[in-house]
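Peer 1: There's a structure below that I have some questions on.
Residue numbers (the numbering used here): 4 to 1107.
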């Protein structure tokens, strides 16, 4: 058997192989030498002279002939010898160009491929020898797998390193690569770089742990901090302002401020390795396209799609404007948006068809035929064809449907429905990457669930995930929620939060841990330290109690004092949510020895509490979580009459707690009419039309007849209701009746309402507003009357009050005789008590204005108050029992003559003490009497005013004795005082006396003695012995108010007294010594009774 040496080339190695031939083959003799030559010629195409492989030529094993024909295969080789051998030249860019061995008559393509000015391939012809080299303007560059702004690591990764940036790094594109995947790559600079780890503090969970924030399998998992034992985390005792971390290459991790600047590594999968999740939702003409790939890293990148099933216009043929896009499609020959225009005059004949732009780089296949026009993509690069192949690559904008996550509970399990779920796909994953969390865990603030029980698509757009709550013995009530990242911009989508609350009771304990470094291992915000805190509290709870603690929140940390505020929940499946249970757990929380106790709460309600506000004790009743309440048996009212309510606020984590009272308010008890008035006030504010106002006014009249039940708040509400109704053309009969009833309210109530809220002023202004809108008419009530007079129709000049009876039922007589204006005696007839007159100048001025303004109807509106109860102030002024309101509605001009008011004073002794006064309103404070000049004619006082408001007569003495008394008579003393009141054991005891007193005696023991009591003793001569050192004092306005308080005190009405006492003592600096002594006496007497001691204490503190 002969042996034939055969040269074989397999793959990348040339070697010799012995082929054993049969005897029949040996008979062929030396003819087999031609076979050896054939194989050697074959191998020479793949191997160089040293038998090293030439790898760029495809390998195909030749087929040996069945027999060797000597004519076909002569014994000597007939293979032509190359005429042009390999030659190396320099291109225009000084780059080395290699021209391979080429047979005569053939054209060669250089390595790298040489390009001319038009970006065509430069080919070199071999004749007897190489033709001259054509100009080589540039060479075709290898295709980089990364965009031009990124560097490549092989063909697998693309990255860039930012020099200095804050956290999160300002990377050119969102990145989702896992830190562990690239931490060991040799690309890290010497400087520390940002890690994808951050601590995000929130109001919900307080100061949180460091957590991974990259959208990978560790997302939101606590960063495992290793401290002193392995020296990988640098901790210097401060961390609150250091919410981010940097990595010192191969040494340690350090917490730093997120606003500091450090280098950052931005790294990505090369697009050729990145399955397109972003382009997995592409639709074209309502048809879903599946074979699409992402053309870039940004959300604005086009999707490049390969298909053989669609016919699309040329306007969407794909353009590979960036070189790395050429690596996305390498398996088929497909048409692309490249065209050979064959325009020899253009800079280059090769154009991108969609953008109509000249190519700026090349990826030519070596055997491209530039005589053809249709651009195609092949496995070797770009080429041209004479017609379109079946496969086409298109570029289409992604019509991304934003995905949503909706979490709900079904059959005791959680179900997460994901719409447009393909927007959450990443790389080659067919399922969306979703992370679900809960704060129901025992030993962590919040916890990421490890697995799902079921997951899968429902249809082409929806995806469903099911999972169960964590075990009861490892958890308790708490919230569950899920998150996912939408690609490619990696925006976080969060589901709704659902709470599992299948326990009857849940309690919250707030603690402070002092010197936390003594009880925790090194860095306090380590996950194992949270477990330590939970164990510390659990060890303080008796094993006989079924409740166990769960750490929920780090509320605050003081790094200097080493203090940590912590929120625990106390949880039990046996909880009953009772008061006894609350008290027991609160006692345990208070008595434990590890933590400093701060507060104890439940998650279901706010308990009943007492608060001090403006010196008053306010009781807030137990209130269900998220509901609001008013104080018990009353209301807390601000100075602008806003009802202050407290809300049982908070949340499940922090527990239910009372909201703060932001505005200063005063507490007022609720009377039998308060609720009705509050309802009416709210109804008027919401509706505001005349029909509603009319019904409300009628109801208000009925309520006002219960004036004896009114307190300060009731009058304040009534004034507001009247103000809101006044502009809606109210029934003036009801208005008059309401005013008459309100004048019967106790003066202490009126004074308190006026001084604190300007309520009597508001009521007076409302009365004026209602009357000036009324038509001509007359309305008379017991304490109030009003008349609207049409001046021109009635030729009216004014009004007289005459024939007044003891109950103040006066006749309101219109003055129509012009001669009256010049004869005062006609005005002041014998039966006349008072009169209001327009001067002739003013009357004529009004008539003239009416003639020149057709829309103006001259009216004179007069209101009569039989008493000055609504004109309250603290000044030492006594006002008359007749007060007049005068208006000329819509008359805008300054008066050319006065409005005159005539008033009888039958006692000539006091004429010099009378003052013409008008009520001066003040927008920022209570109104007051202001004095003008007074004239005297005969038996009357005349006042002249050049403006309009409410007018009266004031004096520093009592002028009421000779005037009609419309209110009940002053209470007279049946007995001045019993004799035992003078014993030394009853000092500071106050006695009853007449409200109309203007003088009294003050004993050294602070006993007040009315002077009229002197006459009740038979032995007047011995009075000085009975009442030693009795000093007589004049009654001031302040003392008059205080005396009225005493009258109310004797009747048991404590609350208005205390309110007014506070008001009086607010101006303590102006009180005389006697007034101060009186206040002290009064406080002493009140202190002996069942009144609010705390309020009395405030009064006493103000005085002293």
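The beta carbon of each residue, even a glycine, is placed where N, CA and C say it ideally should be.
1) Going by Cα to Cα distance, which pick from 553, 467, 424, 92 is closest to residue 142?
2) Are the CB atoms of residue 423 and residue 446 within a distance shorter than 8 angstroms?
3) With the cut-off set at 8 angstroms, would you say residue 362 and residue 122 are in Cβ contact?
4) Assign residue 590 to buried or exposed, taking buried as 16 or more other Cβ atoms, counted over all protein chains shown, within 10 Å of its Cβ.
5) Output the distance between the C-alpha atoms of residue 995 and residue 620, rounded to the nearest integer angstrom.
6) Sort 861, 208, 269 by Cα distance to residue 173 and report the nearest one.
7) Compare the C-alpha of residue 572 against each of 857, 510, 367 and name the closest.
8) What are the boundary residues of the beta strand (DSSP E) that residue 144 is part of?
9) Against chain C, with Cβ distances strictly below 8 angstroms, would residue 342 count as a contact?
10) Would residue 717 be called buried (16 or more neighbouring beta carbons within 10 Å of its own) or exposed?
11) Bridge partners for residue 616 per DSSP, in chain order?
12) If distances are taken between C-alpha atoms only, which option among 675, 755, 845, 848 comes closest to residue 636?
13) Look at the Cβ atom of residue 729, then the Cβ atom of residue 763, and state whether they are nearer than 8 angstroms.
14) Less than 8 angstroms between the beta carbons of residue 624 and residue 604, yes or no?
15) Here's the rule I'm using: 16 or more other beta-carbon atoms within 10 Å means buried, otherwise exposed. How should residue 692 be labelled?
16) Near residue 588, what residues of its chain come up, given a Cβ to Cβ distance below 6 angstroms and the 5 sequence neighbours on each side ignored?
17) Exposed or buried, which one is residue 857 when buried takes at least 16 other CB atoms within 10 Å?
18) Report yes if the CB atom of residue 480 is closer than 8 angstroms to the CB atom of residue 502, and no otherwise.
19) Count the other C-beta atoms from every protein chain shown that fall within 10 angstroms of the C-beta of residue 176, then say buried if there are 16 or more, exposed otherwise.
20) Under the assumption that residue 119 contacts residue 112 (Cβ atoms under 8 angstroms), give the Cβ distance between them as a whole number of angstroms.
21) Measuring only the C-alpha atoms, how far is residue 117 from residue 386?
22) If residue 470 sits next to residue 427, beta carbons under 8 angstroms apart, how far is it from one beta carbon to the other, in whole angstroms?
23) Output the distance between the C-alpha atoms of residue 203 and residue 527, rounded to the nearest integer angstrom.
24) For residue 257, report the span of its alpha helix (DSSP H) as first-last.
25) Since residue 787 and residue 748 should fall inside the 8 angstroms C-beta cutoff, what is the C-beta to C-beta distance between them, to a whole number of angstroms?
26) Nearest by alpha-carbon distance to residue 159: which of 153, 169, 148 is it?
27) Leaving out the 5 sequence neighbours to the left and right, which residues in its chain are closer than 6 angstroms to residue 602 when beta-carbon positions are compared?
28) Threshold first: 3 residues or longer. Then list the beta strand (DSSP E) segments lying entirely within the stretch 374–421, N to C.
29) What residues match up with residue 2 in a beta bridge as DSSP calls it?
30) Would you kindly report the start and end of the unbroken beta strand (DSSP E) that includes residue 548?
31) Cα-Cα, which of 560, 758, 866 is closest to residue 954?
32) On the DSSP bridge list, what partners appear for residue 922?
33) When DSSP builds the beta bridges, which residues end up paired with residue 437?
34) Can you tell me which of the three DSSP states residue 296 falls into?
35) Any idea if residue 350 is buried or exposed, counting beta-carbon neighbours within 10 angstroms, 16 or more meaning buried?
36) For residue 304, which residues from the same chain have a beta carbon less than 7 angstroms from its beta carbon, with the 5 sequence-adjacent residues on both sides left out?
Peer 2: Judging by the given coordinates:
1) 92
2) no
3) yes
4) exposed
5) Bear in mind that the predicted position of residue 995 carries a pLDDT of just 32, short of 50, making it too unreliable to give a figure here.
6) 269
7) 510
8) First-last for residue 144: undefined, no H or E at that position.
9) The displayed structure is made up of one protein chain only, and chain C is not part of it.
10) buried
11) 619
12) 675
13) no
14) no
15) exposed
16) 510, 573
17) exposed
18) yes
19) buried
20) Between residue 112 and residue 119 the Cβ distance is about 13 angstroms, and since that is not below 8 angstroms, they are no contact.
21) 16 angstroms
22) The Cβ separation is near 16 angstroms, so there is no contact.
23) 16 angstroms
24) From DSSP, residue 257 is part of no alpha helix (DSSP H) but of the beta strand (DSSP E) over 255–259.
25) Not quite, the Cβ-Cβ distance comes to about 13 angstroms (not below 8 angstroms), so this is no contact.
26) 148
27) 513
28) 377–381, 384–388, 394–399, 407–413
29) Past the edges of the chain, shown from 4 to 1107, lies residue 2, and the structure says nothing about it.
30) From DSSP, residue 548 is part of no beta strand (DSSP E); its letter is neither H nor E.
31) 866
32) 932
33) 487
34) strand
35) exposed
36) 297, 298
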